[in-house]
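Structure first, commentary second.
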Amino acid sequence: MAAAALLLLADGRFPAGAHAHSGGAEAAVRAGRITGPASLEEFCRGRLHTAGLVAAALAAAACAGRDPAELDAAADARTPSPALRATARKLGRQLMRAARATWPTPELDALASAFRGGLHQPVVLGLAARAAGLTPDDAARAAAYDAVSGPAGATVRLLSLDPFDATAVLARLAGEVDAVARRATEAAALGDADALPSASAPLLDIGAEAHAAWPVRLFAS
Numbered sequence: 185m186a187a188a189a190l191l192l193l194a195d196g197r198f199p200a201g202a203h204a205h206s207g208g209a210e211a212a213v214r215a216g217r218i219t220g221p222a223s224l225e226e227f228c229r230g231r232l233h234t235a236g237l238v239a240a241a242l243a244a245a246a247c248a249g250r251d252p253a254e255l256d257a258a259a260d261a262r263t264p265s266p267a268l269r270a271t272a273r274k275l276g277r278q279l280m281r282a283a284r285a286t287w288p289t290p291e292l293d294a295l296a297s298a299f300r301g302g303l304h305q306p307v308v309l310g311l312a313a314r315a316a317g318l319t320p321d322d323a324a325r326a327a328a329y330d331a332v333s334g335p336a337g338a339t340v341r342l343l344s345l346d347p348f349d350a351t352a353v354l355a356r357l358a359g360e361v362d363a364v365a366r367r368a369t370e371a372a373a374l375g376d377a378d379a380l381p382s383a384s385a386p387l388l389d390i391g392a393e394a395h396a397a398w399p400v401r402l403f404a405s
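All you need for the numbering used here is the position in the sequence shown, starting with 1, plus 184.
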């Protein structure tokens, strides 16, 4: 049952709003940093080992029962871009709504009431995983996979990329997704917010700020 819940949580059809966001891919495509399968793979690999690692650790810590307010503050400190912070909270609100409908618990209800402005999406992902009976490693794995699957799916739309090529990119990154999830879970187990990874991705931050100012765009972020 827990394995099926993990599949559901990581499914792109889970109604959490992620399909409207490109994870930085739209800005990277316009800048010429993603032009095809090879450059998509490099973009996803970089995102996985930076923003993906941070998100996976936050999700694992939230699933393990760490204080959501503390983790949300840690997420803020690790997200220098105002545009990305706003996106993370918007996605967090949408994911919270989906999680409460799918795995209703008093804990999720109380947190939704206490944090009406929204928690960062990775924190909510960990809380959703906890409500679904998943482990911190499961939460980390879902967050790490989300870090690469979102941009891959967006690039199919942005470049009319062959979906088979995009899926092959995800398959080649599968081992690294597992490794990042393990590293994130180990960091979360230390029980100290300062021990959580703080890997940075300056081009994602710069791209997010530029993207937010575009008058016309296909994706919300």
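We put the CB at the ideal spot given by N, CA and C, even for glycine.
Item	Value
Is the Cβ-Cβ distance between Pro335 and Leu242 less than 7 Å?	no
Could you compute how far the alpha carbon of Ala253 sits from the alpha carbon of Gly216?	38 Å
Taking one C-beta from the region 245–263 and one from the region 282–289 each time, how about it: are there three or more such pairs within less than 8 Å?	no
Whose C-beta lies closer than 8 Å to the C-beta of Leu357 among residues of the same chain, with five residues either side of it excluded?	Glu225, Cys228, Arg229, Leu232 and Val332
Who are the Cβ neighbours of Gly302 in its own chain at under 6 Å, not counting the five residues just before and after it?	Arg273, Gly276 and Arg277
Considering Ala204, what are the terminal residues of the alpha helix (DSSP H) in which it resides?	Ala204 -> no alpha helix (DSSP H), and no H or E assigned at all.
Determine the closest residue to Cys247 out of Ala379, Ala316 and Leu342, with distance taken between C-alpha atoms.	Ala316
Is the beta carbon of Ala313 less than 7 Å from the beta carbon of Asp321?	no
Pick from Pro399, Val400 and Asp389: whose alpha carbon is nearest that of Thr271?	Asp389
Assign Pro221 to one of two classes, buried (16 or more other C-beta atoms within 10 Å of its C-beta) or exposed (fewer than that).	buried
Find the nearest neighbour of Ala371 within the set Ala204, Ala350, Ala244 and Ala186, judged by alpha-carbon distance.	Ala244
Residues in the same chain with beta-carbon distance under 8 Å from Ala350, minus the five sequence neighbours each way, listed in chain order, please.	Pro221, Leu224, Ala336, Gly337, Thr339 and Val340
With burial defined as no fewer than 16 other Cβ atoms inside 10 Å of the residue's Cβ, what is the status of Asp251: buried or exposed?	exposed
Roughly how many angstroms lie between the CA atoms of Ala212 and Ala394, to the nearest whole one?	11 Å
Mapping DSSP to helix, strand and coil, what is Thr263?	coil
Please go through the same chain and pick out, in chain order, the residues whose beta-carbon is closer than 6 Å to the beta-carbon of Thr369, but skip the five residues on each side of it.	Ala244, Pro320, Asp321 and Ala324
From which residue to which residue does the alpha helix (DSSP H) around Val154 run?	Here the chain comprises residues numbered 185 to 405, so residue 154 is not present and cannot be evaluated.
Could you pull the start and end residues of the alpha helix (DSSP H) that Arg197 belongs to?	No alpha helix (DSSP H) contains Arg197, which DSSP labels as neither H nor E.
Taking the beta carbon of Asp465 as the centre, do at least 16 other beta carbons fall within 10 Å, making it buried, or is it exposed?	In this structure the chain extends from 185 to 405, so residue 465 is not present and cannot be described.
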